[in-house]
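S.K.: Protein sequence lines, in the order shown, are assigned to chains Y and D.
According to this note's numbering, the first sequence is numbered sequentially starting from 238.
According to this note's numbering, the second sequence is numbered sequentially starting from 425.
Okay, handing you the structure first.
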Amino acid sequence: DTGVSQDPRHKITKRGQNVTFRCDPISEHNRLYWYRQTLGQGPEFLTYFQNEAQLEKSRLLSDRFSAERPKGSFSTLEIQRTEQGDSAMYLCASSPRTSGRGEETQYFGPGTRLLVL
Amino acid sequence: AQSVSQHNHHVILSEAASLELGCNYSYGGTVNLFWYVQYPGQHLQLLLKYFSGDPLVKGIKGFEAEFIKSKFSFNLRKPSVQWSDTAEYFCAVNRDSSASKIIFGSGTRLSIRP
Chain Y
238 DTGVSQDPRH KITKRGQNVT FRCDPISEHN RLYWYRQTLG QGPEFLTYFQ
288 NEAQLEKSRL LSDRFSAERP KGSFSTLEIQ RTEQGDSAMY LCASSPRTSG
338 RGEETQYFGP GTRLLVL
Chain D
425 AQSVSQHNHH VILSEAASLE LGCNYSYGGT VNLFWYVQYP GQHLQLLLKY
475 FSGDPLVKGI KGFEAEFIKS KFSFNLRKPS VQWSDTAEYF CAVNRDSSAS
525 KIIFGSGTRL SIRP
């Protein structure tokens, strides 16, 4: 399968613990996005990378959240001192380089479902 | 700020019925428009997209959508639904720029009675 992969698929943690999620984009996709989806809502943008550069962060991304994409390939999203409100599905998407207008299509992974007890 | 409104939260139809899911967005500039679908237990998949050109776009599985710029709308249609169309449908928009986050609507859950 050459789609976007995410690991783990499920994570249960206790409040106050740190968690880290990994996303492997489609090969040669230079853009990588993180979104968060809560029950009954559409995904909400968190941050995105072009190659290894983090170019935009949402105000949803508090200081407890950090994302990296050190070599421009896979990315990690870390949440420190988790809170119950962090419980959600964390989605990763990637898109290929486009020429001209921004006619990019984002391809989504299966997500990591986080439950904070 | 950009926003996307999906007015129907849950739609229930019988097989072979026609479908139209409403989507309106608020953004004054040039946008790209998408419909994504999430089947039960599966991840988000692209159903169709509009970047430019013919405002009537056709997607997979017999779905189509029409971009009406004057109404800021991008409604999804299918003439005859099947039980396998049971899923959550998300309308989405992003700015027509070099790279841009997608703004999603809250989704419409479609249930098809066999």
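For each residue, glycine too, the CB sits at the ideal point set by N, CA and C.
#1: Would residue 460 of chain D count as contacting chain Y if we go by Cβ distances under 9 Å?
#2: Between the beta-carbon of residue 243 of chain Y and the beta-carbon of residue 349 of chain Y, is there less than 9 Å?
#3: Return helix, strand or coil for residue 244 of chain Y, following the three-state DSSP convention.
#4: Would you call the stretch 271-278 of chain Y and the stretch 310-330 of chain Y touching, i.e. three or more CB-CB distances under 8 Å?
#5: Can the beta-carbon of residue 295 of chain Y be found less than 9 Å from the beta-carbon of residue 482 of chain D?
#6: Per DSSP, what kind of secondary structure is residue 478 of chain D in: helix, strand or coil?
#7: Which same chain residues end up closer than 7 Å to residue 289 of chain Y when comparing Cβ atoms and leaving out the 5 residues on each side of it in sequence?
#8: DSSP on residue 484 of chain D, reduced to helix/strand/coil?
#9: With a threshold of 7 Å on Cβ separation, who are the neighbours of residue 263 of chain Y within its own chain once the five nearest residues in sequence on each side are excluded?
#10: Quick one: is residue 536 of chain D near chain Y, going by C-beta distance under 9 Å?
#11: So residue 467 of chain D contacts chain Y; which residues on that side make the cut at Cβ distance below 7 Å?
#12: Can a CB atom of chain D be found closer than 9 Å to the CB of residue 341 of chain Y?
#13: If you follow the beta strand (DSSP E) that residue 457 of chain D is in, where does it begin and where does it stop?
#14: For residue 281 of chain Y, would you say it is in contact with chain D, using Cβ-to-Cβ distances shorter than 9 Å as the test?
#15: In chain D, what lies closer than 9 Å to residue 327 of chain Y by C-beta?
#16: Determine whether the beta carbon atoms of residue 467 of chain D and residue 279 of chain Y lie at a separation below 9 Å.
#17: Between which two residues does the beta strand (DSSP E) containing residue 314 of chain Y stretch?
#18: Where residue 302 of chain Y and residue 439 of chain D are concerned, what is the direct C-alpha to C-alpha distance, given to the nearest angstrom?
#19: What residues of chain D sit near residue 293 of chain Y, judged by a beta carbon separation below 8 Å?
#20: Taking the straight line between their C-alpha atoms, what separation do you get for residue 540 of chain D and residue 514 of chain D?
M.R.: The short version:
#1: Residue 460 of chain D counts as touching chain Y.
#2: Yes, Cβ-Cβ distance for residue 243 of chain Y and residue 349 of chain Y is below 9 Å.
#3: In the structure shown, residue 244 of chain Y sits in a strand (DSSP, three-state: E or B).
#4: Using a Cβ-Cβ distance cut-off of 8 Å, the stretch 271-278 of chain Y and the stretch 310-330 of chain Y are in contact, since at least three pairs of beta carbons, one from each stretch, lie closer than that value.
#5: No, the Cβ-Cβ distance between residue 295 of chain Y and residue 482 of chain D is not below 9 Å.
#6: Note: residue 478 of chain D maps to coil in three-state DSSP.
#7: 306, 307, 308 and 309, listed in sequence order.
#8: The three-state secondary structure of residue 484 of chain D, taken from DSSP, is helix.
#9: The residues are 239, 240, 241, 331 and 344.
#10: For residue 536 of chain D, no CB of chain Y lies under 9 Å from its own CB, so it is not counted at the interface with that chain.
#11: Think of a sphere of 7 Å around the beta carbon of residue 467 of chain D: the chain Y residues whose beta carbon falls inside it are 345, 346, 347 and 348, in chain order.
#12: Cβ-Cβ to chain D under 9 Å: yes for residue 341 of chain Y.
#13: Counting along the chain, the unbroken beta strand (DSSP E) around residue 457 of chain D starts and ends at 455-462.
#14: Judged by the 9 Å Cβ criterion, residue 281 of chain Y is in contact with chain D.
#15: Against chain D, a Cβ distance below 9 Å from residue 327 of chain Y picks out nothing, because the smallest value is about 12 Å.
#16: Result no, Cβ atoms of residue 467 of chain D and residue 279 of chain Y do not sit closer than 9 Å.
#17: In the DSSP assignment, residue 314 of chain Y falls within the beta strand (DSSP E) that extends over 312-316.
#18: A direct Cα-Cα distance of roughly 45 Å separates residue 302 of chain Y from residue 439 of chain D.
#19: What residue 293 of chain Y touches in chain D, judged by beta-carbon distance under 8 Å, is 525, going in chain order.
#20: Lying outside 425 to 538, the shown extent of chain D, residue 540 of chain D is not represented and no answer is given.
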